[in-house]
Each structure stands twice: as C-alpha cells, then as structure tokens.
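This report refers to the structure that appears directly beneath it.
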Ligand SMILES: Nc1nc2c(ncn2[C@@H]2O[C@H](COP(=O)(O)OP(=O)(O)OP(=O)(O)O)[C@@H](O)[C@H]2O)c(=O)[nH]1
Ligand SMILES: [Mg+2]
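Residue numbers (the working numbering): 1 to 203.
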C-alpha cells in the first residue's frame, strides 16, 4: 500500500523478473566486450594486465591489441523488457580460472558461449561444462574482421551440438546484435527448462 504522492506512475505494472545469464567462451573471444556493449550500468570488470610471465599460456593470436584479461568476472545489467531484467556474468576465459565457474554458474538460467571461427576449439571447454551440468546454452559467433564466415548450421555441426541449440552470428561490440543474442538465450532457456524452475517467483 502506498500513501500520499506515490511515484506509481513511474513504476512498471509488474515487478520485473531478474534472470541470471552467463557469458562464457575461450580466452579473448570478446566476453568483456559483449557485457560492456549492452550493460546499462557501468559494468563491473576485473581486468588485469597481461604479463610477460603469462605469455607462454596466454595466446593472443588474433587479438593482438589485447592488453588485459578478466581474472574473476564481468558483471552487467540490461532491461530487455519493462518486466524482464538480465544480470550478465562474464566468466574469465583462461583455464587457470576454472575454479571460479561453479560459483558463477549458481542460479544461472542459461549461458551464451561466445566463439571465434579462427579458433573454434577454444569454446569446447565451456560447451562441455554447460552440457554436463544441464545448463541451457547457445553459441554466439563473434565475427572478427578477417575470420572466415561459416553459416550457423556448419558451426553447429562442427561443434557437434544438439540441433535445438541456437547458433547465431554477432558482433560483441554492437549493442543491437548482442541484444538479439540475449533474447535468443532467454527464449531457448525458457523452452528447455521445466516451468517451475524457469519462472522465478515474482515479487
Ligand atoms: N575486431 C573485433 N575485435 C573485438 C571484437 N570483440 C572483442 N574485440 C577485441 O578483442 C579483444 C578481446 O576482447 P575481450 O572482450 O577482452 O575478450 P574476453 O573474452 O573478455 O577475454 P578474457 O577475459 O581475457 O578471456 C579486445 O581487444 C577487444 O577490443 C569484435 O567483435 N571484433
Ligand atoms: Mg574478459
């Protein structure tokens, strides 16, 4: 109950549902870029400089302009609809941070696995992780300049994915294409998750 001059007219009619979505994929594939491109809050980043000591393990081929790497997570938020807010959690890309994933995956509705066709194998680990835990996921190919173009069906075959797993092309720097990816992952997760789990209590 609200008394007096309520600010009700500024409020949506329903309390928004908040969903947690993971953004995963190999090292340097554009996870931090994707979260930053759509987040309506200043994204929380945990970037550290790539170091000389890390050079043998941090393969920056294809992303030579890369000077930092995520060491814990990215965090951002986007309101997809008045009644639907997504909290985005970007995972660290490097294998030495796998131990953080179980924590990040807690309560996630679904995941976007970002892929780069120049090194498709880098996303195998993320795909295995979500398949093994039954977390609905989709693949978004981040189209870097100079990378060969493959149609989504070819990529789905190459990754040996279930035919129902969405595969879309995007540009991690472009808000509109990233939004389409996020809509696709929510729809896919809703379609594959049992109803009582997919619909969190509202209010
Ligand atoms: N050309 C191009 N460059 C991109 C694109 N997406 C990301 N980049 C660049 O690629 C580099 C890697 O991007 P990040 O967003 O840091 O990648 P990440 O997946 O978060 O990396 P880690 O957290 O270290 O695994 C950065 O220099 C970006 O500016 C893209 O779509 N096209
Ligand atoms: Mg990152």
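Ideal Cβ positions, reconstructed from N, Cα and C, are used throughout, including at glycine.
Because the structure is a prediction, the values reported are computed rather than measured.
For residue i, count the other beta carbons within 10 Å of its own beta carbon; 16 or more makes it buried, fewer makes it exposed. Which is it?
i, result
"residue 36", "buried"
"residue 2", "Confidence at residue 2 is low in this model, with a pLDDT of 46, below 50, so the placement of that residue should be treated as unreliable; the coordinate-derived value is given next. Exposed, since its Cβ has fewer than 16 Cβ neighbours within 10 Å."
"residue 149", "exposed"
"residue 167", "buried"
"residue 128", "exposed"
"residue 112", "buried"
"residue 83", "exposed"
In chain order, what residues of the same chain have a beta carbon less than 8 Å from the beta carbon of residue i, not counting five sequence neighbours either side?
i, result
"residue 163", "156"
"residue 80", "86, 179, 182, 183, 186"
"residue 38", "76, 78, 88, 175, 178, 179, 182"
"residue 108", "20, 21, 22, 89, 135"
Looking only at its chain, what residues have a beta carbon closer than 7 Å to the beta carbon of residue i, apart from the 5 residues adjacent to it on each side?
i, result
"residue 63", "28"
"residue 136", "110, 188, 189, 192, 193"
"residue 240", "No information on residue 240 is available, as it lies outside the stretch 1 to 203 that the chain covers here."
"residue 48", "68, 69, 71"
Going by the DSSP bridge assignment, what does residue i pair with across the sheet?
i, result
"residue 138", "112"
"residue 90", "23, 74"
"residue 170", "142"
Would you identify the three-state DSSP class for residue i, choosing helix, strand or coil?
i, result
"residue 81", "strand"
"residue 183", "helix"
"residue 147", "coil"
"residue 50", "coil"
"residue 17", "strand"
Do residue i and residue j have their C-beta atoms closer together than 9 Å?
i, j, result
"residue 23", "residue 100", "no"
"residue 117", "residue 74", "no"
"residue 98", "residue 125", "yes"
"residue 123", "residue 25", "yes"
"residue 66", "residue 44", "no"
Given residue i, which residues of its chain have a CB within under 6 Å of its CB, disregarding the five upstream and five downstream residues?
i, result
"residue 169", "141, 143"
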